[in-house]
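Visitor:
Chains as they are written, first to last, in our numbering: chain W, 1 to 113; chain X, 114 to 227.
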């Protein structure tokens with residue numbers, strides 16, 4: 001059973017460009033979470049999604065950031081018009097219904113030049 | 114809101130030393146508690162968990178006991194190895210009106226020297 005798959009592992013963007021990060025949950029998992037890890041900081045919750053539905057986006061910045069988890073295909077975290085402060089590691093996690101244990105991917109490391 | 118506070122790192126120990134990483138939490142209700150470990154360049158892996166008061170989670174020689182009276186979930190290991198060098202995160206479950214998620218502490222870096 002493959003784990004949570006994230007791609008790209010590393011992404012470099014210039015200020016003002018768009019970044020798209022993809023996450024495929026573990027087989028059988030219907031819940032996806034996105035977390036951001038800034039240098040020297042812990043993990044900050046961003047958004048929690050189920051298929052075609054955003055459950056909790058209380059940690060998402062109000063502008064430039066969006067997330068989706070379509071019926072088919074991976075979950076996408078999209079950052080428009082990136083700025084240097086967006087440089088971070090973005091982790092995706094998934095869980096089965098009714099379980100608290102999260103299974104994490106290896107992360108996507110975004111660098112904004 | 115719910116929150117987790119961990120002792121600051123980095124923690125540097127010699128091999129075979131005793132390890133304690135403190136974790137305290139603030140929560141309404143009865144959350145589940147977790148310790149996750151992150152090795153360099155990797156994602157987080159679940160180390161152990163406890164779902165109710167007085168439960169003890171254990172794995173790979175690590176232990177933590179859910180203490181409701183002191184709102185704590187301290188991580189301990191009797192004899193650390195160089196391979197235990199990693200960042201350790203304490204977390205709690207947060208069940209709100211909008212569904213559930215885990216809230217993480219800031220992480221504690223452990224460095225074990227031979």
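Where a beta carbon is used, it is the ideal one built from N, C-alpha and C, also for glycine.
Contact between the segment 25–35 of chain W and the segment 83–101 of chain W: three or more CB pairs below 8 Å?
Guide: Touching, yes.
Visitor: Check this for me: beta carbons of residue 135 of chain X and residue 216 of chain X, under 8 Å apart or not?
Guide: Taking the second chain and counting its residues from 1, the one referred to as residue 135 of chain X is at position 22. Taking the second chain and counting its residues from 1, the one referred to as residue 216 of chain X is at position 103. No, the Cβ-Cβ distance between residue 135 of chain X and residue 216 of chain X is not below 8 Å.
Visitor: Contact between the segment 179–186 of chain X and the segment 136–156 of chain X: three or more CB pairs below 8 Å?
Guide: The segment 179–186 of chain X, when compared against the segment 136–156 of chain X, does touch it at the 8 Å Cβ threshold.
Visitor: Assign residue 109 of chain W to buried or exposed, taking buried as 16 or more other Cβ atoms, counted over all protein chains shown, within 10 Å of its Cβ.
Guide: Working through the first chain from its first residue, we reach residue 109 of chain W at position 109. By the 10 Å Cβ count, residue 109 of chain W comes out buried.
Visitor: If you count every other CB in all the chains shown that lies within 10 Å of the CB of residue 221 of chain X, and 16 or more means buried, which is it?
Guide: As a first step, residue 221 of chain X must be located in the second chain, where it is residue number 108. Classification for residue 221 of chain X: buried.
Visitor: If you reduce the DSSP assignment to three classes, tell me which class residue 86 of chain W lands in.
Guide: Counting from 1 along the first chain, the entry for residue 86 of chain W is found at position 86. Note: residue 86 of chain W maps to helix in three-state DSSP.
Visitor: Suppose you measure from the CA of residue 223 of chain X to the CA of residue 44 of chain W; what does that come to, to the nearest Å?
Guide: Working through the second chain from its first residue, we reach residue 223 of chain X at position 110. Working through the first chain from its first residue, we reach residue 44 of chain W at position 44. Approximately 20 Å between the Cα atoms of the pair.
Visitor: Just to confirm my understanding: we take residue 195 of chain X, look at its own chain, exclude 5 residues before and 5 after, and list those with CB closer than 8 Å. What are they?
Guide: Indexing the second chain from 1 puts residue 195 of chain X at position 82. Result list for residue 195 of chain X: 128, 225, 226, 227, in chain order.
Visitor: Based on the DSSP secondary-structure assignment, which residues constitute the bridge partners of residue 21 of chain W?
Guide: For the purposes of this step, residue 21 of chain W is identified with residue 21 of the first chain, where counting begins at 1. Looking at the DSSP assignment, residue 21 of chain W forms a beta bridge with W/77.
Visitor: Among X/168, X/181, X/191, X/141, which has the Cα closest to the Cα of residue 175 of chain X?
Guide: By one-based count along the second chain, residue 175 of chain X stands at place 62. Per the Cα distances, X/191.
Visitor: Since I believe residue 78 of chain W is in contact with residue 20 of chain W (beta carbons under 8 Å), could you give me their beta-carbon distance rounded to a whole number of angstroms?
Guide: By 1-based counting over the first chain, the position of residue 20 of chain W is 20. By 1-based counting over the first chain, the position of residue 78 of chain W is 78. Yes, they are in contact, since the Cβ atoms of residue 20 of chain W and residue 78 of chain W sit about 5 Å apart, within 8 Å.
Visitor: Using only the alpha-carbon positions, how far apart do residue 200 of chain X and residue 66 of chain W sit?
Guide: Here residue 200 of chain X refers to the residue found at position 87 when the second chain is read from its first residue. Here residue 66 of chain W refers to the residue found at position 66 when the first chain is read from its first residue. Approximately 29 Å, taken between the alpha carbons.
Visitor: Sort out for me which residues DSSP pairs residue 181 of chain X with in a bridge.
Guide: The sequence position of residue 181 of chain X within the second chain is 68, counting from 1. In DSSP, residue 181 of chain X forms no bridge with anything.
Visitor: On the criterion of 16 or more Cβ atoms from any shown chain inside 10 Å, does residue 58 of chain W qualify as buried, or is it exposed?
Guide: What you label residue 58 of chain W is simply residue 58 of the first chain in a count that begins at 1. Per the 10 Å Cβ criterion, exposed.
Visitor: Between the segment 118–142 of chain X and chain W, which residues of the former have a C-beta closer than 7 Å to a C-beta of the latter?
Guide: The segment 118–142 of chain X vs chain W, Cβ under 7 Å: nothing.
Visitor: So residue 119 of chain X and residue 219 of chain X are supposed to be a Cβ contact under 8 Å. How far apart are they, rounded?
Guide: Taking the first residue of the second chain as 1, we reach residue 119 of chain X at position 6. Taking the first residue of the second chain as 1, we reach residue 219 of chain X at position 106. At roughly 6 Å, the Cβ-Cβ gap stays under 8 Å, so residue 119 of chain X and residue 219 of chain X are in contact.
Visitor: Which term fits residue 8 of chain W, buried or exposed, when burial requires 16 or more other beta carbons within 10 angstroms of its beta carbon?
Guide: As a position in the first chain, residue 8 of chain W is number 8, starting the count at 1. The residue in question, residue 8 of chain W, is exposed, as its Cβ has fewer than 16 Cβ neighbours within 10 Å.
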